[in-house]
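**Student:** Numbering (our numbering), first residue to last: 49 to 150.
1. Write down every uninterrupted run of the alpha helix (DSSP H) in the stretch 70-130 whose length is 4 residues or greater and which is fully enclosed by it, in chain order.
2. Taking only the alpha-carbon atoms, compute the straight-line gap between residue 132 and residue 138 and give it to the nearest angstrom.
3. Give every residue of the same chain whose Cβ lies closer than 7 Å to the Cβ of residue 70, excluding the five residues on either side of it in the sequence, and list them in chain order.
4. Could you check whether the stretch 77-97 touches the stretch 116-126, counting it as contact only if at least three pairs of C-beta atoms, one from each stretch, sit closer than 8 Å?
5. Where residue 73 and residue 130 are concerned, what is the direct C-alpha to C-alpha distance, given to the nearest angstrom?
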């Protein structure tokens, strides 16, 4: 949904969980690097992704910001940190999401 990708069942079955995690993290970093330097589109993308991941019931988020399902919370957080922090947070969130599937 946030990566603009469509997979067939057969494609997914050929990968292990490590390969899937790696693929999505690399794709997320590519997407983040493709946004304009003003950051607004990146902040919106990050807020939507983070809000959706916060809704996933299988993930035990311990940080209140990570737990928030509100777009504005994630958007404001992203506006106030360097790009590297946003990237790190996406990596952490994606790994936590995929680990929750096991």
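Glycine is no exception: its CB is placed at the ideal position from the N, C-alpha and C atoms.
Note that the structure is a prediction, hence the values are computed from the model and not measured.
**Tutor:** Inspection of the coordinates gives the following:
1. 88-103, 112-115 and 119-127
2. As a position in the chain shown, residue 132 is number 84, starting the count at 1. As a position in the chain shown, residue 138 is number 90, starting the count at 1. Taking the straight line from one Cα to the other gives about 10 Å.
3. Taking the chain shown and counting its residues from 1, one reaches residue 70 at position 22. Closer than 7 Å at the Cβ level, and outside the excluded window around residue 70, lies no residue.
4. yes
5. Within the chain shown, residue 73 is the residue found at index 25, counting from 1. Within the chain shown, residue 130 is the residue found at index 82, counting from 1. Going from the Cα of residue 73 to the Cα of residue 130 covers about 18 Å.
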